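The opening position of the sequence shown corresponds to residue 5 in my numbering, with each subsequent residue numbered one higher.
Even glycine gets a Cβ: it sits at the ideal position worked out from N, Cα and C.
What you are looking at is a predicted structure, and each value in this text was computed from that prediction instead of being measured.
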Amino acid sequence: MLHKTGVEVLEGFLPAAECDALLQCVDQYRNTRQLPVIHRKQRGRSLHYMVIDGAAIEEHFPQLSKLNTDVNLLVNRLNGTALEPLGNASARININITPPAGEYRWHYDRNRVTAILYLNEVAGGETEMFPNYRIYLGRSKHTHLQRWLDSLLMKKPVLRLFGKKLTVAPRKGMLIVMQGDRCLHSVRRVEGAADRINVIMTFDAPGAVFPVEKELDSYLYSKKSTPAFDPNYQE
Ligand SMILES: O=C(O)CCC(=O)C(=O)O
Ligand SMILES: [Fe+2]
């Protein structure tokens, strides 16, 4: 059960041929437009990637809607309760494209469960996770105290003492299902010359709302200057 493990790894969830077909569609999509590179530098691991957000996916990748439904069913089975894709169309499904030397900062997701489907294999670019590693205030998650606890748990000595790191190298067709809001995670730097490409699907209880949403979306999806605080310290 997901509650116990915090993270489940399913090898070969999507057949290689289907991954390749999706990669081809991503290539085609990129042929006609330049995706902005989002680069928020910070000490340690930065946010440095490109993203096709849910609104664009709805329009240009209709085939992902069935995949999303299939993953939703699996997520519900693993989670033991019925969750739904996020109401926020931009955030519910993303294609993350991490270029060579790109990476993704340490964070918690805003939502209960996140599924990561790797479409290809690259050198580096491992997802690093600390499952069930959070002092989670639940109803008081939108507070300074929560943010303080999160930053405390991110300190190296605390991590070394209490964290149990799980490192997963991208494998074509592999699916990770994690408790996104309880698992500290990030992506290591991509080595070599190829982009790392995966699909991120987010789930939560029906009707879940997220107060930090506006700031977070502009932080993750747009090139506008970063809001004064860091909304990626989610809930
Ligand atoms: O690409 C990954 O492995 C993780 C990305 C991630 O954590 C996110 O998009 O929230
Ligand atoms: Fe994440």
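- With a cutoff of 7 Å, N98 counts as near ligand 1, since its C-beta is closer than that to a heavy atom of the ligand.
- The nearest non-hydrogen atom of ligand 2 is less than 7 Å from the C-beta of H189.
- Nearest C-alpha to E12 among A119, P210 and N35: A119.
- In the structure shown, P174 adopts coil according to DSSP, grouped into three states.
- For the options I101, K70, V117 and Y53, the alpha carbon positioned closest to that of L87 is the one of V117.
- E107 sits close to R49, with the two beta carbons spaced by under 8 Å.
- Judged by pairs of C-beta atoms under 8 Å, the segment 92-112 does not touch the segment 160-173, as fewer than three such pairs exist.
- When secondary structure is reduced to three states using DSSP, E62 falls in the helix class.
- With contact defined as three or more Cβ pairs closer than 8 Å, the segment 64-78 and the segment 184-192 are not in contact.
- Taking the CA atoms as reference points, L224 sits about 13 Å from K45.
- Distance from the Cα of D185 is smallest, within the candidate group I139, M5 and L149, for I139.
- Secondary structure remark: continuous beta strand (DSSP E) runs of at least 3 residues inside the segment 115-181, in chain order: 117-122, 131-134 and 170-172.
- Per DSSP, E107 is not a residue of any alpha helix (DSSP H), being assigned neither H nor E.
- When distances are taken from the beta-carbon of Y108 to the heavy atoms of ligand 1, the shortest one is below 7 Å.
- Contact between I97 and V203 holds, with the beta-carbon distance rounding to 7 Å and staying under 8 Å.
- At a cut-off of 7 Å, the beta-carbon of D113 counts as near ligand 1: some heavy atom of the ligand is closer than that.
- Considering only H7, R47, E125 and S144, the residue with the shortest C-alpha distance to N80 is H7.
- In the three-state reduction of the DSSP assignment, T36 falls in the coil class, being assigned neither a helical nor a strand state.
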